[in-house]
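Have a look at the structure below before the remarks.
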Amino acid sequence: MDESKLIEQLKEVSFPTLGHFLEEGFADSQLRAMVPNVKVVGRALTLKLVGADAIAVNQALALIRPGDVLVIDTDSDWRHAPVGAVTSCAASCAGAVGIVVDGAVTDLLELREAGLPVFARGTSLLTTKLHGRGDSQINQPIHCAGVTVNPGDLVLADDNGVLFLDWSTAASVIEQALASDRAEPRLLERLRSGEPVAQVLQV
Numbered sequence: 030m031d032e033s034k035l036i037e038q039l040k041e042v043s044f045p046t047l048g049h050f051l052e053e054g055f056a057d058s059q060l061r062a063m064v065p066n067v068k069v070v071g072r073a074l075t076l077k078l079v080g081a082d083a084i085a086v087n088q089a090l091a092l093i094r095p096g097d098v099l100v101i102d103t104d105s106d107w108r109h110a111p112v113g114a115v116t117s118c119a120a121s122c123a124g125a126v127g128i129v130v131d132g133a134v135t136d137l138l139e140l141r142e143a144g145l146p147v148f149a150r151g152t153s154l155l156t157t158k159l160h161g162r163g164d165s166q167i168n169q170p171i172h173c174a175g176v177t178v179n180p181g182d183l184v185l186a187d188d189n190g191v192l193f194l195d196w197s198t199a200a201s202v203i204e205q206a207l208a209s210d211r212a213e214p215r216l217l218e219r220l221r222s223g224e225p226v227a228q229v230l231q232v
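30 is the number of the first residue of the sequence shown in the numbering used here; add one for each residue after it.
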C-alpha cells in the first residue's frame, strides 16, 4: 500500500461518501468542528488524559510530527478543556494538521482565528491544570467518542464529523468511494432535469 497515494486520495474523497461503504469508526455525532470549513487527513497521536493534567498535554505536544492529529481521550471529563490558544499554536507549529478532543476546548475565538482544525464536544471556561500526575498515557490505544483509536490510525474530519480508520480499511474502500463521488454530479443533473426519482435512484 502506497501510504502517500492513499493520503492524497483521502484528501480528494467526500468523507460522507465513505459513510456509504463503512459502518465502524465514526465518532459520536456530538463531536463537532470548532473551527469551520476545514478538512483533515492525518495520523493519530493519541493521549489518554487522566486527572485534567495539562503537563500530559504538553508532553504529547512535544511528540507531534508533521501530519499528526492530536487525539485526546479525556477519560470522560467533559468539563475541563485541555486545548486552547496556546495548545493549538504549539500543535500547529510542530506540524499537526488537527486536534480532536473527546470533551471541551476553550479560547474558541482564538482557535478560529488561528485556523488549525479543532474538533470537540463543546467549549468550557474551566481548563486543565499543571498537575504533573504522571498517569496519563501517550501513543497507546484510546477511546474517543465511541471509537477505539490506535496510534497511527487515520483521522478524517470535516464539518460533518470525525472518522477514525486503520490504513487497510481505508485502502479497501477508497476507489469505490471516489467512483461514487465521480458519479454524483450526473445523478444530481438527472434529478434537477425532472427525471423521476425511481429512474435515477434505487427504490
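Glycine included, C-beta positions come from ideal geometry on N, C-alpha and C.
Computed from a prediction, not measured in an experiment: that's the story for all the values here.
Check, Outcome
"Residue burial classification, residue 91 (beta-carbon count within 10 angstroms, cutoff 16)", "exposed"
"Rounded separation between residue 72 and residue 32 - CA only", "11 Å"
"Three-state class that DSSP yields for residue 231 in the structure shown", "coil"
"Beta-carbon proximity list for residue 55, same chain, < 6 Å, skipping 5 on both sides", "192"
"N-terminal and C-terminal residue of the beta strand (DSSP E) that residue 69 is part of", "68–77"
"Coil, strand or helix - residue 210 by DSSP", "helix"
"Distance CB(residue 184)-CB(residue 70) smaller than 9 Å", "yes"
"Classification of residue 49 by the beta-carbon crowding that lies within 10 angstroms, buried from 16 upward", "exposed"
"Span separating the alpha-carbon of residue 216 from that of residue 228", "10 Å"
"Which of helix, strand or coil DSSP assigns to residue 36", "helix"
"Whole-angstrom distance between residue 213 and residue 201, CA atom to CA atom", "20 Å"
"Identified DSSP bridge partners for residue 187", "68, 190"
"Cutoff 7 Å; reference residue 231; Cβ partners in own chain excluding five residues on either side", "none"
"Cα-Cα separation, residue 114 to residue 166", "23 Å"
"First through last residue of the beta strand (DSSP E) which encompasses residue 171", "171–173"
"Inter-residue Cα distance where the pair is residue 36 and residue 157", "33 Å"
"When 219, 203, 89 are compared against residue 120, the one with the closest alpha-carbon", "89"
"Distance CB(residue 39)-CB(residue 76) smaller than 9 Å", "no"
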